[in-house]
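Protein chains in written order, with the numbering used here: chain A, 1 to 329; chain B, 330 to 571. Ideal Cβ positions, reconstructed from N, Cα and C, are used throughout, including at glycine. Here the structure comes first, spelled out in structure tokens, and everything after it is commentary.
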């Protein structure tokens, strides 16, 4: 219960404990030596050459874990997958980050990694949508694209030879995120999927689940691939508009978000907060299921973080896992 | 003053000479930290929070081949009998910060996280002797919770020598008696010493006994800490599922 302080009543506590116990029973029994803590030795047969992966080290001829987590074995490779750790980027990951500095030709982003990530001006699409060399004028206008403290969605491009992380945003779906809220969750709860951008039509909300544990919940905006498909003139016109929108934050037409949508954003955000506080995997199904449960049991947005719904969510998770196991069997 | 009852052999708080105080550890007590822990040794209670590895704040301190480890020790105003004026920044806290940093840095695999920084903040909530040891123990749990790779668990325990008896884990009354006080920190599995402090003189053979006692204490703490961590890891695993 890292970020949620709830005081449970006696019955709620009993229900919660039994739900946790059930989760424990449901989790696949992966052998006694599968879970290790720092300095635990990992049983391996050193004669058949093993590859020592992340989270392991050799001491006194033994393989020991250097982090707390689960031992994974892939052919000869033995590594320990830690749970609570900072985000470890992989190429192609979709991430959400916050601009902390506008530097020459680049932005520096905070992405919950051990270093700041770099987004070069040359590795993103310009607002006018034309492919050309970035000039000095573009460099001077960088603040009109992203400013400090803006929240941005981008993709991991790769590591520089000096170890720094490069990002890219070469599509309409990447870029500045507005009219919503940013949530931070432990990155181990987010699984890498084919799809990280979700449009929840029922609620008019966009959900971006960044692999780095930053999650964006915001109003749905009509941009992205479908705009690209339209013919060129139309494209230019629309882009011009969206550019205006970026500049004029007070543009009343563009920035109005209905109360209903705002409530939905908060409801989804609270569902995510709840799931992450409970330490459950943040899959789209789990999030939507929690939101629907809150509607079904008539719980207001603010009460979602209270004791009763906390316990209900835990019980619901047990149900979900039971039904999933049944489906498999 | 008699610190060990000559008839019964018990200490002032009713412990035997080689008995530790009750210890308790809890993982994940600070919401926004990457790792955090609380550790109690009897009435001594400390809280530790670890942030990082993260971008180095002061670029001139950046190391290109390893991580920068920083540590800050502070005592809450209300932690002692009479309120302290300056919770941090005095000579004593500066020294303890340094000691904690050095003994933990010996175990952190800093070369795996170049150009980054790890911040360790420890605060004493209740001081009843042995705050140094309690801080190191709390910081170890917090580092493990933050998923920072370490060679081994660093654990610490103190021992003293009063009334011609080696005593394990001194409390405030015994500590302020002015006798020798040996604080030992070890890498639990390999039994390598990362910290050894004594502010008095002791004959060689007595010292060895006292130190051996402290090392035994460290091992007991290590045993307990790995149980706490295992419990926590299993909890995370079962909750996440799959």
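| Can you pull the DSSP bridge partners for residue 158 of chain A? | A/166
I'd like the span of the alpha helix (DSSP H) that includes residue 425 of chain B, first residue to last. 420-434
Strictly by DSSP, which residues pair up with residue 335 of chain B? Per DSSP, none; premise fails for residue 335 of chain B.
In the DSSP assignment, the alpha helix (DSSP H) including residue 530 of chain B goes from what residue to what residue? Where residue 530 of chain B is concerned, there is no enclosing alpha helix (DSSP H), given that its DSSP letter is neither H nor E.
Buried versus exposed, by CB contacts within 10 Å (16 or more), residue 551 of chain B:
buried
Exercise. CA-CA distance, residue 401 of chain B and residue 476 of chain B?
Worked result: 20 Å
Exercise. Would you mind sorting residue 237 of chain A into buried or exposed? The rule is 16 or more other CB atoms within 10 Å of its CB.
Key: Low confidence applies here, because residue 237 of chain A scores a pLDDT of 45, under 50, leaving its location unreliable and the question unanswered by this model.
**Request:** Mind listing the chain A neighbours of residue 562 of chain B? Cutoff is C-beta to C-beta under 7 Å, in chain order.
**Result:** 35, 37, 68, 69 and 83
So residue 210 of chain A contacts chain B; which residues on that side make the cut at Cβ distance below 9 Å?
None at all; the shortest Cβ gap to chain B is about 17 Å.
Span separating the alpha-carbon of residue 422 of chain B from that of residue 377 of chain B: 15 Å
Across the segment 336-353 of chain B and the segment 363-371 of chain B, are there enough close Cβ pairs to call them in contact, namely three or more that are closer than 8 Å?
yes
(message) Using CA atoms only, rank isn't needed, just tell me which of B/383, B/515 and B/510 is closest to residue 465 of chain B.
(response) B/515
Task: Near the ligand PLP: residue 211 of chain A beta-carbon under 6 Å from a heavy atom - done: Inclusion of the ligand PLP in the displayed structure is not the case, the ligand content being empty and no account of it being possible.
Cβ neighbour criterion (16 or more within 10 Å) applied to residue 305 of chain B = Any question about residue 305 of chain B goes unanswered here, given that chain B covers just 330 to 571.
task: List the DSSP bridge partners of residue 68 of chain A.
output: Paired residues: none, contrary to the question.
Check: Any idea which residues DSSP pairs residue 485 of chain B with across the strands?
Finding: B/514
Open item on the list: Spatial neighbours of residue 519 of chain B within its chain, please: C-beta separation below 7 Å, excluding the five flanking residues on both sides.
Closed with: 481
Let me confirm a value: residue 91 of chain A is counted as buried when at least 16 other C-beta atoms fall within 10 Å, else exposed. Which label applies? exposed
*asked:* Give me the subset of the segment 531-564 of chain B whose CB atoms are less than 7 Å from a CB atom of chain A, sorted by chain position.
replied: 555, 558, 559, 562 and 563
### Message
Tell me which residue opens and which closes the alpha helix (DSSP H) that residue 288 of chain A is part of.
### Response
284-296
For this session: Consider the Cβ of residue 12 of chain A: report whether some Cβ of chain B lies at a distance smaller than 7 Å.
Result: With its beta carbon at least 7 Å from every one in chain B, residue 12 of chain A lies outside the interface.
In chain order, what residues of the same chain lie with their CB nearer than 7 Å to the CB of residue 512 of chain B, ignoring the 5 residues before and after it? 461, 462, 485, 487, 524 and 526
### Query
residue 327 of chain A: buried (16+ other C-beta within 10 angstroms of its C-beta) or exposed?
exposed
>> I'd like to know whether the C-beta of residue 338 of chain A is nearer than 7 Å to at least one C-beta of chain B.
In response: A query on residue 338 of chain A cannot be resolved here, the shown segment of chain A reaching from 1 to 329 and no further.
Excluding five sequence neighbours on each side, which residues of the same chain lie with their C-beta closer than 7 Å to the C-beta of residue 199 of chain A?
206 and 220
- [ ] Measure the CB-CB distance between residue 81 of chain A and residue 74 of chain A and report whether it falls below 7 Å.
- [x] no
Check your understanding: Who are the neighbours of residue 567 of chain B on chain A, taking C-beta pairs under 7 Å?
Key -> The answer, in chain order, is 23, 24 and 27.
Helix, strand or coil for residue 440 of chain B? Go by DSSP, reduced to three states. helix
Closer than 7 Å by C-beta to residue 16 of chain A: which residues in its own chain qualify, once you throw out the five before and the five after it? Chain order, please.
-> So the qualifying residues of the chain are 8, 311 and 314.
Taking the alpha carbon of residue 274 of chain A as the reference point, which residue from A/89, A/258, A/262 and A/291 has its own alpha carbon closest? The alpha carbon of residue 274 of chain A has as its nearest neighbour, out of A/89, A/258, A/262 and A/291, the alpha carbon of A/291.
Inset, instruction - Rounded to whole angstroms, what's the CA-CA distance from residue 338 of chain B to residue 503 of chain B? Just pull it up for me. - result: Answer to the nearest angstrom: the Cα atoms are 15 Å apart.
Quiz item: Does any C-beta atom of chain A lie closer than 7 Å to the C-beta of residue 337 of chain B?
Solution: Taking a beta-carbon distance threshold of 7 Å, residue 337 of chain B does not count as an interface residue toward chain A.
Could you check what DSSP says for residue 409 of chain B in three-state terms: helix, strand or coil? coil
- Alpha carbon to alpha carbon, what distance is there between residue 301 of chain A and residue 263 of chain A? 7 Å
So with Cβ pairs under 7 Å, would you call residue 332 of chain B a contact of chain A? no
Could you spell out the range, first to last residue, of the alpha helix (DSSP H) harbouring residue 322 of chain A?
307-328
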